[in-house]
Amino acid sequence: MKGVTYVTDDQNRKVAVQIDLKILEKFDEDIEDLIAGIIAESRKDEERVPLHKVIKRLKKNGKLK
Numbered sequence: 001m002k003g004v005t006y007v008t009d010d011q012n013r014k015v016a017v018q019i020d021l022k023i024l025e026k027f028d029e030d031i032e033d034l035i036a037g038i039i040a041e042s043r044k045d046e047e048r049v050p051l052h053k054v055i056k057r058l059k060k061n062g063k064l065k
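Residues 1 to 65, numbered by the working numbering, are exactly what the sequence shown covers, in order.
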């Protein structure tokens, strides 16, 4: 595909991809959604902190009035 280059390792296995920014701009919103989904999936097992505790901590640290 024009504008797409694969980076390979010593055994010629594809390990990364380089995409021309002009192509990426066309799919900017889709890529942001994909990244958000990947981040959400990676955090699904993290401990949840109730909102009231987050607010209290932010106020204590001077980040929120």
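Backbone N, C-alpha and C define an ideal beta-carbon position, used for all residues, glycine too.
Length of the line joining the Cα atoms of residue i and residue j
{"i": "K59", "j": "E32", "result": "30 Å"}
{"i": "L34", "j": "L21", "result": "17 Å"}
{"i": "R48", "j": "D9", "result": "39 Å"}
{"i": "G37", "j": "K2", "result": "27 Å"}
{"i": "K74", "j": "E25", "result": "What is shown of the chain runs 1 to 65, which leaves residue 74 out entirely."}
{"i": "L51", "j": "N61", "result": "15 Å"}
{"i": "V15", "j": "K56", "result": "44 Å"}
Residue nearest to residue i in terms of C-alpha spacing, selected from the options
{"i": "K53", "options": "K44, L64, I39 and A40", "result": "L64"}
{"i": "T5", "options": "Q18, I23, S42 and E29", "result": "Q18"}
- prompt: Enumerated in chain order, which unbroken segments of the alpha helix (DSSP H) with a length of 4 residues or greater are wholly contained in the stretch 2 to 64?
  reply: 21 to 26, 28 to 42 and 51 to 60
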